[in-house]
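First up is the structure itself, then whatever we jot down about it.
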Amino acid sequence: METRSGIIYRINQWRIRKISNRNFLVILAVVVGLIGGVAASGLKALTHGIAAFLQNDVQSEYKYYLYLFFPLIGILLTVIYVRRFIRKGKFEHGITPILYAISRKSSRIENHNIYSQIITSALTVGFGGSSGLEAPIAYSGSAIGSNVARFFGLNYREVTMLLACGAAAGIAGAFNSPVAGMVFAIEILLPEFSIPAFIPLLMAAATASVVSRVLYSEPLFYLVSDEWVLPALFFYLLLGGLVGLFSVYFTKVDGWVKGWFAAVKNPYHKIWLGGLSLGILIFIFPALYGEGYIAIQQLLLGKSNSLLANSVFSDYKHVGWMVVVYSLVTVFAKSFATLITLNSGGNGGTFGPSLVMGGLLGFVFAHGVNLTGLTYLTEANFIVAGMAAALSGIMHAPLTAIFLIAEITGGYTLMVPLMIVSAISYFINRAAVKYSIYTKNLAAHGDWLSHEDKDKTVLRMMKLRYVLETNFTVLRPDEKPIDRRSDIIHTKRNIFPVVDGERKLLGVIYSERLFSILMGEEVSDKTMKELAQAPIDVVRMNANMYDVMRKMDREDIWILPVLDENDHYMGFVSKSAIFNKYRALLVRQGAYLD
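My numbering numbers the first residue of the sequence shown as 4 and each following residue consecutively.
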């Protein structure tokens, strides 16, 4: 009986003969789009079904007190699922692991992410976890694209392209926004792209959007937008600046909250700490429950007191300034609620919460200005503009922000204000924080390829073990040159390490000195230990390759010995090996541009 790998091989051989790679990639992009659209629809239906059951169908006089514990239950179920069903693989959430897979794992994503991202995020968000579904569905879509490509034995360039197609399909299906899905993939996952990359991305995003519209057609937002007027331009500029500053704050808080939860080693202690904290926040600010899109939709419909109406402060819902203050505090509460959800064990992303926080800021700004009586601003327009500004600043993705908001709200008449606020927010955040919320951790660990400083980032991505050279003739301290005459003459290296029985490096000897002694030009009866000289410098196995190159340039040396943490000799690292690996990484990273 023919094995599975044999069948796949025969299918691939037939496909190669009959279909060109470019056409086959488009076909697979459609397949990935179909599956991604189904996955997006399934995730939305499952999440909203859980939320509807808990909020509308649970009949109990203690129903509202249970809201304090729903988020904890959701996070607990998420952690139990991960620990019970994903034992062999590693479970991560967010966009960052996708970027890491592209940079360091040949775009390979474990196949369990196709379904595990959907299940865990539905449990987290359905039970009230204050995070978004967009990152999980992008992760699920990326896993679909990666595994479909690997099934057909495609190369790195093609696997990366289908991974991006899967992410585009996930975003397009989640928002019913094919253009935004495509722009997201290009701006976040494929920052250096070529025109041919548009075709598979377009097909995947469009297909997923159609499938999602058929299976789950409920739009996220309804917006009847007024034309923006030129006198409001100053206020859009001001809003862009304020949201930009908030995006810097959110990026900083992200690091703080991660540090707090990292200090808690027991995962179940994290669940209790995060779940109860989240429950209390949601009890005080009901808009924090789940994604938060319902609260934004109410504000878009002109129900300015809707945030207070369902809270313990409902008696003050007709007090204008109370509405502004409560809404502003909700924004900051949302930032903590989202990060608590993600760091205590829940699954979700910051994509959706960015939209909610930006929308609330836009509302606070416009409603506050209107209360002064100095002028009148169309609040719906500023809510939409705030959403774009927040997404642009936090994600460093202004184009995604502009097209996504224009598509999901139908606010194409606001294209100019969206461009203005997105650009301002992006530049403010970029001036304060070099890397986005998705790439900062990768950059800190040398795992992110920055296209602005490619030399430094490619070097930081290298691991010393991949350029370590070990084929050197090792000399012992008590030996004399004549004892190793044959080895010295026939070696292709011009440097010899002198290593003792405990693998300690005692020094190095250059071939010129040894040849001089063997040829009789220098009379010497010294041992290798006596002939050895201390190396100019040494490199540790955990060294950063960028620092290694700086050390070599500073000392004007081509090769250095490498020691481990116990000072044991491991080999040498040379500029030649580094340059060869550097070139290979550049070719690999740029392969999808061909």
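We put the CB at the ideal spot given by N, CA and C, even for glycine. Predicted, not measured: the structure shown is a model, and the values here were computed from it.
Would you check if the distance between the CB atom of residue i and the CB atom of residue j is smaller than 8 Å?
| i | j | result |
| --- | --- | --- |
| Ala43 | Ala177 | yes |
| Ile174 | Phe187 | yes |
| Ala167 | Leu192 | yes |
| Ser134 | Gly351 | yes |
| Thr127 | Val85 | no |
| Ile147 | Val35 | yes |
| Val3 | Val541 | A query on residue 3 cannot be resolved here, the shown segment of the chain reaching from 4 to 597 and no further. |
| Ala170 | Ile101 | yes |
| Ala284 | Ala369 | The sequence as given places Leu at residue 284; Ala does not occur at that position. The answer is no: Cβ separation not under 8 Å. |
| Leu521 | Pro500 | no |
| Lys532 | Leu566 | no |
| Leu380 | Val372 | yes |
| Phe575 | Glu472 | yes |
| Arg107 | Arg153 | no |
| Leu240 | Ile427 | yes |
| Gly282 | Pro74 | yes |
| Ile431 | Gly376 | no |
| Ser330 | Leu310 | yes |
| Leu467 | Met555 | no |
| Gly295 | Leu136 | no |
| Asn384 | Leu407 | no |
| Ser180 | Ser145 | no |
| Ile98 | Ala54 | no |
Going by DSSP in three states, residue i sits in which element: helix, strand or coil?
| i | result |
| --- | --- |
| Glu472 | strand |
| Ser527 | coil |
| Gly52 | helix |
| Met552 | helix |
| Phe575 | strand |
| Tyr292 | coil |
| Tyr595 | Low local confidence applies: a pLDDT of 42 at Tyr595 is under 50, so the model's placement there is unreliable, with the coordinate-based value given in what follows. The answer is helix: DSSP assigns Tyr595 an H, G or I state. |
| Ile22 | coil |
| Val565 | strand |
| Val436 | coil |
| Leu478 | strand |
| Glu315 | Per the sequence shown, the amino acid found at residue 315 is Val instead of Glu. Val315 falls in the coil class under three-state DSSP. |
| Arg107 | helix |
| Val232 | coil |
| Gly131 | coil |
| Gly396 | helix |
| Val542 | strand |
| Gly352 | strand |
On a Cα-Cα basis, can you pick out the residue from the options that is closest to residue i?
| i | options | result |
| --- | --- | --- |
| Met360 | Gly351, Ser347, Ile386, Ala537 | Ile386 |
| Val502 | Ala537, Ser119, Asn116 | Ala537 |
| Lys495 | Phe475, Lys584, Ala340 | Phe475 |
| Ile299 | Ser110, Glu382, Arg87, Gly40 | Glu382 |
| Leu421 | Ile431, Ala446, Met390, Ala434 | Met390 |
| Ile423 | Leu407, Ala392, Met185 | Ala392 |
| Met548 | Lys483, Ile485, Val470, Asn346 | Val470 |
| Ile140 | Thr353, Asp486, Asp540, Val29 | Thr353 |
| Gly40 | Thr210, Met185, Ile19 | Thr210 |
| Lys483 | Thr403, Ile274, Ser527, Asn24 | Ser527 |
| Leu374 | Thr403, Tyr252, Tyr438, Val322 | Val322 |
| Thr3 | Glu190, Tyr319, Arg153 | There is simply no residue 3 to check, as the chain begins at 4 and stops at 597 in what is shown. |
| Gly129 | Ile105, Glu558, Glu161, Leu49 | Leu49 |
| Ala340 | Ile287, Phe366, Gly305, Leu304 | Ile287 |
| Ser439 | Ile76, Gly247, Thr163 | Gly247 |
| Leu164 | Met206, Pro181, Tyr271, Val214 | Note that residue 164 corresponds to Met in the displayed sequence, not to Leu. Looking at the Cα atoms, Met206 is the closest of the given residues. |
| Val3 | Glu568, Ala388, Phe253 | Nothing can be reported for residue 3, as the shown portion of the chain is limited to 4 through 597. |
| Thr344 | Leu218, Lys320, Leu291, Leu304 | Leu291 |
| Leu218 | Asn308, Asp318, Gly45 | Gly45 |
| Ser489 | Val511, Phe518, Gly504 | Phe518 |
| Thr530 | Asp481, Phe316, Val256, Ser119 | Asp481 |
| Tyr155 | Ser577, Asn24, Ala404 | Checking the sequence shown, residue 155 turns out to be Phe, not Tyr. Taking only the C-alpha atoms, the option nearest Phe155 is Asn24. |
| Val29 | Gln16, Lys93, Val151 | Val151 |
Any C-beta of chain B sitting closer than 8 Å to the C-beta of residue i?
| i | result |
| --- | --- |
| Thr378 | Chain labels in this structure do not include chain B; a single protein chain is all it has. |
For a test of your reading of the model: does the CB of residue i fall under 7 Å from any non-hydrogen atom of the ligand FAD? Yes or no.
| i | result |
| --- | --- |
| Ala183 | No copy of the ligand FAD appears in this structure; indeed no ligand is present at all. |
(message) Suppose only complete runs of 4+ residues qualify. What are the alpha helix (DSSP H) ranges in the segment 485-530, listed by chain order?
(response) 488-493, 514-521
(request) Determine, using beta-carbon pairs with one atom in the segment 68-84 and one in the segment 108-117, whether at least three such pairs fall under 8 Å. (result) no
(request) Report yes or no: do three or more beta-carbon pairs, one from the segment 316-327 and one from the segment 257-266, lie closer than 8 Å? (result) no
(request) Please go through the segment 354-394 and give each complete alpha helix (DSSP H) segment of 4 or more residues, from N-terminal end onward. (result) 354-375
(message) So within the segment 234-307, which uninterrupted alpha helix (DSSP H) runs reach at least 4 residues, ignoring any that extend past its ends?
(response) 236-265, 270-287, 296-303
(request) Could you pull out every unbroken beta strand (DSSP E) segment of at least 3 residues lying fully inside the segment 129-206, listed in chain order? (result) none
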